[in-house]
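Residue numbers (our numbering), protein chains in the order written: chain A, 1 to 127; chain B, 1001 to 1147.
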């Protein structure tokens, strides 16, 4: 499990939080129904976000195909979002990517299916 | 105040450092992966805030507090975060206590000094600053009491 402290400051002391609280606050305040935020809640949210970043990175790396290449890639993350219930809420912002050529092929096939359906209907109506 | 798009993002350097420290040494992180994790982190903050706010509203409170955030983590199925968060909270509270005692001591020392010093004008300015700081601390205390 990750240590409570992340990183070290100028004196080499373990830093409690690395993410800037002011920025975290801006993001939190952008949420519509939120009126005010206690300082402790702000600190905990920042800390939780750091834990989340660590967890997302390590989970994606461990389950990803990048492991053989000793790399963490976008698709590792997209796969984690699609494959894990915990990270489901990220599925929309981390969509899986497919080659443009594949996508165009899919579109063509869909179009062909639609046309076939139309033709079938036509035939039935005639007979 | 309008927020520019960058303001809802977290600083790249810090995100990168956190990722690097979490992964085994020598692992490369693509730029795309880094940017994706940063976006995910912002979304996480929004999700956590919204969830915590539900708990605050349930408790008929307008101010989000520490326990709301902890409840949100459980709700979001990040129970694994709860223990390290509680530890961080303790450490933060100890730190704040230390700071407060130090500044109270400073004020005592300062008062002793300014009494034996010159202009009233200087004293007034100093007192204003201290009052502002004390007010902030008192505000924090009030919010804690809401717990």
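Even glycine gets a Cβ: it sits at the ideal position worked out from N, Cα and C.
With a threshold of 16 other CB atoms inside 10 Å of the CB of residue i, please say whether the residue is buried or exposed.
i, result
"residue 62 of chain A", "exposed"
"residue 55 of chain A", "buried"
"residue 1079 of chain B", "exposed"
"residue 106 of chain A", "exposed"
"residue 1102 of chain B", "exposed"
"residue 98 of chain A", "exposed"
"residue 21 of chain A", "exposed"
"residue 1026 of chain B", "exposed"
"residue 65 of chain A", "exposed"
"residue 128 of chain A", "Because chain A here runs from 1 to 127, residue 128 of chain A falls outside it and cannot be looked at."
"residue 127 of chain A", "Low local confidence applies: a pLDDT of 49 at residue 127 of chain A is under 50, so the model's placement there is unreliable, and no value is given."
What does DSSP give as the partner residues of residue i in its beta bridges?
i, result
"residue 36 of chain A", "B:1063"
"residue 1029 of chain B", "A:72"
Kindly indicate if chain B contains any beta-carbon less than 8 angstroms away from that of residue i.
i, result
"residue 98 of chain A", "no"
"residue 33 of chain A", "yes"
"residue 68 of chain A", "no"
"residue 20 of chain A", "yes"
"residue 84 of chain A", "no"
"residue 41 of chain A", "yes"
With distances taken between CB atoms, is the gap from residue i to residue j smaller than 8 angstroms?
i, j, result
"residue 1151 of chain B", "residue 47 of chain A", "Beyond the ends of chain B as shown, which are 1001 and 1147, falls residue 1151 of chain B; an answer cannot be given."
"residue 70 of chain A", "residue 1028 of chain B", "yes"
"residue 1050 of chain B", "residue 1009 of chain B", "no"
"residue 57 of chain A", "residue 1023 of chain B", "yes"
"residue 1054 of chain B", "residue 31 of chain A", "no"
"residue 1069 of chain B", "residue 1048 of chain B", "yes"
"residue 87 of chain A", "residue 78 of chain A", "no"
"residue 40 of chain A", "residue 17 of chain A", "no"
"residue 24 of chain A", "residue 42 of chain A", "yes"
Step through the CB atoms of chain A and report whether any lies within less than 8 angstroms of the CB of residue i.
i, result
"residue 1102 of chain B", "no"
"residue 1094 of chain B", "no"
"residue 1014 of chain B", "yes"
Are any of the Cβ atoms in chain E nearer than 8 angstroms to that of residue i?
i, result
"residue 104 of chain A", "Of the protein chains in this structure, namely A and B, none is chain E."
Any heavy atom of the ligand NAD closer than 7 angstroms to the Cβ of residue i?
i, result
"residue 32 of chain A", "Because no ligand of any kind appears in the structure shown, any question about the ligand NAD cannot be addressed here."
The region 1053-1067 of chain B contacting the region 18-37 of chain A, beta-carbon criterion three pairs below 8 angstroms
yes
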